[in-house]
Amino acid sequence: FEKYSERWIKAKAASLKTKTIGRMKDCLKGIRPYLGNIAIRNIVYQDCECWLIARGKELKPSAYRQERQLMIGVLNAAERDGIILDNPAKLLTNRKLPRIEIQIPTHEQFRSLIKQMRIADSRGMYGADLVELLAYSGMRLNEAVNLLWDDINFERGCFSVTGGEYGTKNHEIRTVPLFPAMRELLERIRSGRTEINSRYVTPIKGARTLMASAAKKAGIPRFTHHSMRHYFCSNAIEAGVDFKVIAGWLGHKDGGILVAKTYGHLRDTHSFEMAKRMTLNASQKEA
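Convert by adding 637 to the 1-based position in the sequence shown; the result is the number in this note's numbering.
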């Protein structure tokens with residue numbers, strides 16, 4: 638199993654990110670003591686069950702799912718190659734991931750965060766620009782820090798998300814509208830930029846420490862880079878944008894299913910707030 642798995646992972650390396658391949662190798666380490674020395678053709682469900690009994694309880698749900706998925710993937714390839722007739726790993730029960738409550742800044746918290754970052758120092762200014770870029774574009778951190786000025790078409794009103802050297806999460810370049818708040822930010826950055834030969838919109842690769850420090854001074858919760866992507870989505874939902882459209886902006890390929898699952902409750906909340914405005918009735922006099 639081990640040698641076949643290593644070859645399978647090497648083949649996957651041609652189309653997957655280095656980080657993903659590293660995670661696969663870590664998963665193989667967890668599976669190796671139970672299946673590593675068994676010939677692929679001899680693997681039965683009981684062998685997979687040995688892994689389940691030994692590792693099932695000690696692994697967190699996410700790690701459990703990753704190791705199980707690796708096992709299924711390797712044995713699917715063996716089934717494809719005619720080495721085995723059926724994949725016994727498919728019989729292993731999956732585990733549900735606990736629902737994590739996403740933390741989305743309010744408009745007031747977002748303004749306070751940006752204000753504190755901008756009054757910190759020159760690096761704080763760059764950090765604030767990056768945080769605003771994330772919040773106004775919906776990009777992931779890797780996508781935002783690899784955004785080039787050449788990726789932005791001010792005339793057509795759009796920008797391309799490439800993800801730089803490592804690409805986007807789904808390995809596809811997407812073209813997204815240049816949202817008004819983002820255009821205003823970019824024009825402000827461009828007019829104030831003094832660096833020579835600066836191809837990148839942002840000269841820094843992250844602002845986690847700056848964000849944490851600013852949040853503490855502002856007396857608000859600590860937010861992450863990804864919180865700004867959530868903030869973008871919540872603003873889009875408040876504006877009444879369709880889930881499918883938001884998904885396209887974010888680079889999702891599921892037609893809005895994940896957006897609906899993750900942010901659907903925000904639309905419900907917004908709907909009830911909007912419903913309070915429906916006050917017109919027959920007894921009201923015209924103004």
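For glycine and all other residues, C-beta sits at the position ideal for the given N, C-alpha and C. No experiment lies behind these values; they were computed from the predicted model shown.
Query raised in the report: What is the rounded straight-line gap between the Cα of I874 and the Cα of L903?
Result: Here residue 874 corresponds to residue number 237 of the sequence shown, with the count starting at 1. Here residue 903 corresponds to residue number 266 of the sequence shown, with the count starting at 1. Cα-Cα distance, rounded: 7 Å.
Query raised in the report: So what does L785 bridge to, in DSSP terms?
Result: Locating residue 785 in the sequence shown gives position 148, where the first residue counts as 1. DSSP output for L785 lists Y837 as bridge partner(s).
Query raised in the report: When DSSP labels each residue in this structure, what does V878 get in the three-state scheme?
Result: Taking the first residue of the sequence shown as position 1, residue 878 is located at position 241. Here V878 sits in coil by DSSP.
Requested in this report: From the DSSP output, in three-state form, read off P742 for me.
Outcome: The sequence position of residue 742 within the sequence shown is 105, counting from 1. Three-state result, P742: coil.
Query raised in the report: Taking C-beta to C-beta, are P725 and I680 nearer than 9 Å?
Result: As a position in the sequence shown, residue 725 is number 88, starting the count at 1. As a position in the sequence shown, residue 680 is number 43, starting the count at 1. Using a Cβ distance threshold of 9 Å, P725 and I680 count as a contacting pair.
Query raised in the report: Among L847, P742, G693, H862, which residue has its Cα nearest to the Cα of I756?
Result: As a first step, residue 756 is located in the sequence shown; it is residue number 119 there, counting from the start. Proximity to I756 across L847, P742, G693, H862 peaks at L847, based on C-alpha coordinates.
**Report entry** Pairwise C-alpha distance: I677 and Y641
**Finding:** Taking the first residue of the sequence shown as position 1, residue 641 is located at position 4. Taking the first residue of the sequence shown as position 1, residue 677 is located at position 40. Rounded to whole angstroms, Y641 to I677 spans 8 Å at the Cα level.
Query raised in the report: In three-state terms, what does DSSP make of R736?
Result: Within the sequence shown, numbered from 1, the residue matching residue 736 stands at position 99. DSSP places R736 in coil when its eight states are reduced to three.
Query - Cβ pair Y763, A855 closer than 9 Å - result: Taking the first residue of the sequence shown as position 1, residue 763 is located at position 126. Taking the first residue of the sequence shown as position 1, residue 855 is located at position 218. Not closer than 9 Å, so no.
Requested in this report: With a cut-off of 8 Å on the beta carbons, I'd call V798 and G892 a contact; round off their distance for me.
Outcome: Taking the sequence shown and counting its residues from 1, the one referred to as residue 798 is at position 161. Taking the sequence shown and counting its residues from 1, the one referred to as residue 892 is at position 255. About 18 Å; that fails the 8 Å criterion.
**Report entry** Rounded separation between I857 and I737 - CA only
**Finding:** One-based indexing of the sequence shown puts residue 857 at position 220. One-based indexing of the sequence shown puts residue 737 at position 100. Approximately 20 Å, taken between the alpha carbons.
Query raised in the report: Just to confirm, are P742 and L750 a CB contact at a threshold of 9 Å?
Result: Here residue 742 refers to the residue found at position 105 when the sequence shown is read from its first residue. Here residue 750 refers to the residue found at position 113 when the sequence shown is read from its first residue. In this structure, P742 sits near L750, with a CB-CB distance shorter than 9 Å.
Query raised in the report: Any heavy atom of the ligand SAM within a distance shorter than 8 Å of the CB on R777?
Result: The ligand SAM is not part of the structure shown, which contains no ligands of any sort.
Query raised in the report: Is DSSP giving P858 helix, strand or coil here?
Result: Along the sequence shown, read from residue 1 onward, the residue named residue 858 stands at position 221. It is coil, neither helix nor strand.
Requested in this report: Counting only the same chain and skipping the five closest in sequence on each side, list residues whose C-beta sits under 7 Å from that of E821.
Outcome: Mapped onto the sequence shown, residue 821 falls at position 184. So no residue of the chain qualifies.
Query raised in the report: Under the DSSP definition of a beta bridge, which residues are partnered with T812?
Result: Locating residue 812 in the sequence shown gives position 175, counting from the first residue. BP columns for T812 point to S797.
Query raised in the report: Which residues does DSSP pair with N872 in a beta bridge?
Result: Counting from one through the sequence shown, the residue named residue 872 turns up at place 235. Partner(s): none; N872 has no beta bridge.
Query raised in the report: What is the DSSP secondary structure of N790, counted as helix, strand or coil?
Result: Here the question's residue 790 lines up with position 153 in the sequence shown. Strand.
Report task. Taking all protein chains shown into account, decide if T805 is buried (16 or more other Cβ within 10 angstroms of its Cβ) or exposed. Result -> Here the question's residue 805 lines up with position 168 in the sequence shown. It counts as buried.
Query - Those runs of the alpha helix (DSSP H) which lie wholly inside the stretch 652 to 731 and span at least 4 residues - result: 655 to 672, 682 to 692, 698 to 717
Query raised in the report: In chain order, what residues of the same chain have a beta carbon less than 8 Å from the beta carbon of H863, not counting five sequence neighbours either side?
Result: In the sequence shown, the residue the question calls residue 863 occupies position 226. Excluding sequence neighbours, H863 sits near R777, L778.
Query raised in the report: Alpha carbon to alpha carbon, how far is F860 from E780?
Result: As a working note, residue 860 is residue 223 in the sequence shown. As a working note, residue 780 is residue 143 in the sequence shown. Roughly 18 Å separates the two Cα atoms.
Requested in this report: Under the assumption that Y773 contacts M819 (Cβ atoms under 8 Å), give the Cβ distance between them as a whole number of angstroms.
Outcome: Here residue 773 is taken as the residue at index 136 of the sequence shown, counted from 1. Here residue 819 is taken as the residue at index 182 of the sequence shown, counted from 1. Confirmed, about 4 Å.
Report task. State the Cα-Cα distance for the pair R811 and Q683, rounded to the nearest angstrom. Result -> For this step, residue 811 is matched to residue 174 along the sequence shown. For this step, residue 683 is matched to residue 46 along the sequence shown. Rounded to the nearest angstrom, the two C-alpha atoms are 45 Å apart.
Report task. Note down, in chain order, each residue of its chain lying with its Cβ closer than 8 Å to the Cβ of P698, except the 5 sequence neighbours on either side. Result -> In the sequence shown, counting from the first residue as 1, residue 698 sits at position 61. For P698, where only same-chain residues beyond five positions count, the Cβ hits under 8 Å are R732, K733, L734, P735.
Query raised in the report: Got a sec: is the Cβ-Cβ distance from A650 to anything in chain C below 9 Å?
Result: Of the protein chains in the structure, only one exists, and it is not chain C.
Report task. Please report the Cβ distance between L672 and W688, rounded to the nearest whole angstrom; I am assuming they are in contact, meaning their Cβ atoms lie under 8 Å. Result -> To locate residue 672, count along the sequence shown from 1; it is residue 35. To locate residue 688, count along the sequence shown from 1; it is residue 51. About 7 Å separates the two Cβ atoms, so the contact holds.
Report task. Quick one: residues in its chain with C-beta nearer than 8 Å to the C-beta of E704, no 5 flanking neighbours on either side, listed in chain order? Result -> Translated into the one-based positions of the sequence shown, residue 704 becomes position 67. Hits under 8 Å: C664, G667, I668, W688, R692, L696.
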